[in-house]
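Below is one structure, written out as structure tokens; the observations come after it.
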Amino acid sequence: MSATEFWRERLHNNVGQYFSVEERIYTEKTEHQDIIIFKNAAFGRVMALDGVVQTTEGDEFIYHEMMTHVPLLAHGKTKNVLIIGGGDGGMLREVCRHKQIDKITMVEIDTKVVELCKKYLPNHSAGAYNDRRFKLVIDDGTDFVQNTVEKFDVIISDCTDPVGPGSSLFTSEFYKGCERCLNDDGIFVAQNGVCFLQEEEVINSDKRLKELFTDVGFYQAAIPSYYGGVMTFAWASNNSALHQLDLTTLQQRFATANLEKCRYYNPTIHISSFALPQYLLDTLSPK
Ligand code: SAM
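In structure tokens, the structure reads:
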């Protein structure tokens, strides 16, 4: 039995996590980032970009269900969805489960991530790339939202952390672009890091989004492979009622959407996910 190899995540300098590598599957330096895909005994296949865990077969469902069904069921009449990033295909798979949607556009900067995840993480997209409503655009998300003539009901920023190509997706320019291409009553959500260790990310997003939207907040879920505690998701819209729906309404919409097998999302968790730890509330509105 060969000595177990370990892969160390490089997101943080002074804390972090190791994954045993049961099988090295693929590595490449693409035009934009270093990609590695390996098999880990606890999480199954893991994909990391520039030394940061992006997604694992074991727990991706939590992240992808919460970043899609929360805004889509809150909106209630989504016809046109924009995904920024999302190269592993899991976000697209969950969006496609909403049959009332007419169009889904995904703007991903690195075509190799799409290709490699289709091949090595097939259960993430699970055939969603063949959905007739889907269009893939290979571009920088910020350039796209600043120039598109299209308007969207929900925009989901499923990007890497604000390092490397992902850094532009945490800027005021990007948020301004999203605001300009959202329809009235549109909703913007974005992965916003693990707030206990990436406090700056939440503070900056909160400040920048509040300059553009009247209703800005966060919701949260714990994703085991995102080290350090709960991950926050940024929420921005100009209609505060959209994140204050009652349980009965959400239960009705959830039943009508007939999403089949959700393994994390349910209407009660939808509502409770907007409850934030006091330390985060204190960080966002210091006394
Ligand atoms: N779940 C992950 C997380 O929370 O960090 C995100 C996963 S997804 C693989 C991140 C995607 O964002 C990658 O495919 C990456 O290529 C893409 N990306 C990074 N910067 C981008 C940009 N400026 N425009 C579009 N896509 C970008």
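Note that my numbering has the sequence shown beginning at 7, numbered continuously upward. Here a beta-carbon is modelled for each residue, glycine too, at the ideal position from N, C-alpha and C.
Helix or strand or just coil, what does DSSP make of R214?
helix
Is P171 a contact residue of the ligand SAM, with contact defined as CB to any heavy atom under 6 Å?
yes
So which of V87, M112, Y232, T61 has the shortest CA-CA distance to G199?
Y232
Can you grab the Cα-Cα spacing for the pair E114 / P171, in whole Å?
11 Å
Would you kindly work out how many angstroms separate the C-alpha atoms of A80 and T10, rounded to a whole number?
45 Å
Over what stretch of residues does the beta strand (DSSP E) that includes L188 continue unbroken?
188-200
So, are the CB atoms of G93 and V52 less than 7 Å apart?
no
Mind the definition here: the stretch 261-269 touches the stretch 202-218 only if three or more C-beta pairs lie below 8 Å; say whether that holds.
no
Taking just the CA atoms, how far does F224 sit from A242?
8 Å
The stretch 208-221 in contact with the stretch 99-108 per 3-pair CB rule at 8 Å:
no
Could you give the first and the last residue of the continuous alpha helix (DSSP H) run that contains F150?
147-153
Give me the residue from P77, D149, Y271 with the minimum Cα distance to Q250.
P77
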